[in-house]
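Novice: Let me give you the structure first, and then I'll get to my questions.
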Amino acid sequence: MQKFLTRFALCYFVGTTAPWFWFELPPFTYLGSAVSWFFEQVTTFFNTHLWHVKSVLNRDGGGSGDTSYAWAEYFTIVLCSFLIAVVWGFFEKSSHENRMYWTRTLVRYFIAFNALSYGIIKIFGLQMPEPSLSRYATYFGDLLPMRLAWSFIGVSYPYEFFTGFIELVVGLLLLWRRTISLGVFIGLGVFLHVFMMNVCYDIPVKLFSFQLVIGCLYLIYLERHKFLGFFFYQKANTVESIYQPYFKSKLLRVGRLIFKSFFILYVIGGSVFLNLSWIEEDKAKANRPHFKEDIYKIETYIVNSDTISTKSFTKMDWNDFIFEKGGVGSIQSKDSSLFKHRYGRVYFDYILITKNKTVEFRKTAIDSVPVFVLNYEETKNTLILNGIINNKKVYWKLKNTHSHFPLQDKPFHWISEANR
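Per UniProt numbering: the sequence shown = residues 1 to 420.
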């Protein structure tokens, strides 16, 4: 039974950790594409005849890891791991201990890879960035739980830095045999918290974070006698590390060191470089011509020479404008006919053509064709927009509100004489 479980564990973790996707380099990307195509065929087959998660599986979740395809694929991996483990038992010739070593090595590097990657991006404050002015202006009740969670972390960079630092420590501890047990133990607490946050705030990476928890539990189970002895019997551990490699071949010993060095350089160095490049991109966007960052109140609105009273505005009308640095902005409205609606506001990208005094409004930054183009006239406290939208001549006179939210100040008090 134990041999069957080790065979199953190896198959399961190979499927769920997907090591062919770890490195975005040509040999791995080609392998990843081939394996991904094969998995898609197998998953589609089992979903059609067995799982029935959905009649048509959605693979592109736009950042979501909990798509119908992801769940169908996970069920398929579990089933195939079981079947392969059964069939493998009839032809097994490999060493049980050798298989155990490769399984736990795969799992710890999987956890280390993600702990380092997510830890570094949090240290740079880029996973949950500072909420935008549009987010600050969004009604609390319009937010979905995920955006609320993202925002409350993004408001406090020190907190995000702390969580990232702990994840970074976990990743580093997992890289050296003497500290693996400590790294796994801390990692279980870290990733169990991440998983519970994903579940409780409906963040769509539940399946992925669950794999990190399962990986930590698996490694702790393998060293259960060490942990039980330390925490309950106050016994010092004298057992040799289960992560000690036993390679008779010099080529394998050298290869292990080369891979480990490459892994550390790629994950840590690559993550730092990638985050620095994102910061430079954000700086470049912020330096583009833009309107003064503010919430603009509509003073005058004219359509085809008819003045529309702002008191008659409904939730489907455009009730205000927000322009931000980086060529992004939003409008308080639930009208999604022109722009994407999210949390009570519609969001747009804009490009100022200062030479012609025009502004191009686009759905996204990558769109080559604007939704519409307006003329603008900007003064110290007002902004006038006019032009043609949907064959209607429109005119807005907007006024700066010089808005500032208390949450933007991020107050901190060691002494609080009253509950605020």
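Where a beta carbon is used, it is the ideal one built from N, C-alpha and C, also for glycine.
1) Exposed or buried, Val184, counting other C-beta atoms within 10 Å across all chains shown (16 or more means buried)?
2) Hey, Ile351 and Gly327 are a contact pair by Cβ (cut 8 Å); roughly how many whole angstroms apart?
3) Would you kindly work out how many angstroms separate the C-alpha atoms of Tyr101 and Tyr243, rounded to a whole number?
4) Helix or strand or just coil, what does DSSP make of Asp317?
5) Given Lys393, which residues of its chain have a CB within under 6 Å of its CB, disregarding the five upstream and five downstream residues?
6) My guess is that Phe21 and Gly32 are in contact by the Cβ rule of under 8 Å, so how many angstroms apart are they, rounded?
7) If you draw a straight line from the alpha carbon of Tyr347 to that of Arg59, how long is it in whole angstroms?
8) For Leu385, report the span of its beta strand (DSSP E) as first-last.
9) From which residue to which residue does the alpha helix (DSSP H) around Leu275 run?
10) Pro289 and Asp66 - do their beta-carbons sit closer together than 7 Å?
11) Between which two residues does the alpha helix (DSSP H) containing Glu73 stretch?
12) Using the C-alpha atoms, what's the distance from Glu223 back to Arg177?
13) According to the Cβ coordinates, are Val359 and Leu374 closer than 7 Å?
14) In the DSSP assignment, what residue or residues form a beta bridge with Val213?
15) Bridge partners of His341, per DSSP?
16) Closest by CA to Gly187, which one among Glu167, Leu175, Thr179?
17) Using only CA atoms, which one of Phe291, Ser368, Gly344, Val371 lies nearest to Tyr139?
18) Within the continuous alpha helix (DSSP H) that includes Arg135, where are the two ends?
19) In angstroms with no decimal places, state the Cα-to-Cα distance between Tyr301 and Glu130.
20) Taking the continuous alpha helix (DSSP H) assigned at Lys256, which residues delimit it?
21) By how many angstroms is the C-alpha of His341 removed from the C-alpha of Met1?
22) Which residues does DSSP pair with Tyr376 in a beta bridge?
23) Rounding to the nearest angstrom, what Cα-Cα distance links Phe191 and Ser209 in this structure?
24) Please state whether DSSP places Gln332 in a helix, a strand or coil.
25) Using a Cβ-Cβ cutoff of less than 8 Å, which residues in the same chain neighbour residue 421 once the five nearest sequence positions on both sides are dropped?
26) Counting C-beta neighbours from all protein chains within 10 Å, is the total for Ala72 16 or more, i.e. buried, or is it exposed?
27) Which residues bound the alpha helix (DSSP H) around Phe191?
28) Under the three-state reduction of DSSP, which class applies to Ile415: helix, strand or coil?
29) Here's the rule I'm using: 16 or more other beta-carbon atoms within 10 Å means buried, otherwise exposed. How should Trp37 be labelled?
30) Is the beta carbon of Ile121 less than 7 Å from the beta carbon of Asn275?
31) On the DSSP letters alone, give me the boundaries of the beta strand (DSSP E) that Leu398 sits inside.
32) Could you tell me which of Ala115, Ile389, Trp88 sits nearest to Leu175, measuring between CA atoms?
33) Which residue comes first and which comes last in the beta strand (DSSP E) that contains Tyr296?
Specialist: On the basis of the supplied data:
1) buried
2) 6 Å
3) 7 Å
4) coil
5) Asn304
6) 5 Å
7) 25 Å
8) 382-389
9) The residue asked about is misnamed: residue 275 is Asn in this sequence, not Leu. Per DSSP, Asn275 belongs to the alpha helix (DSSP H) from 270-286.
10) no
11) 68-91
12) 13 Å
13) yes
14) Partner(s): none; Val213 has no beta bridge.
15) Val346
16) Glu167
17) Gly344
18) 133-136
19) 32 Å
20) Here residue 256 turns out to be Arg, not Lys, going by the sequence shown. Residues 250-264.
21) 54 Å
22) Leu385
23) 7 Å
24) strand
25) The displayed coordinates of the chain run from 1 to 420. Any statement about residue 421 would go beyond what the structure contains.
26) buried
27) 180-200
28) coil
29) exposed
30) yes
31) 392-400
32) Ala115
33) 294-303
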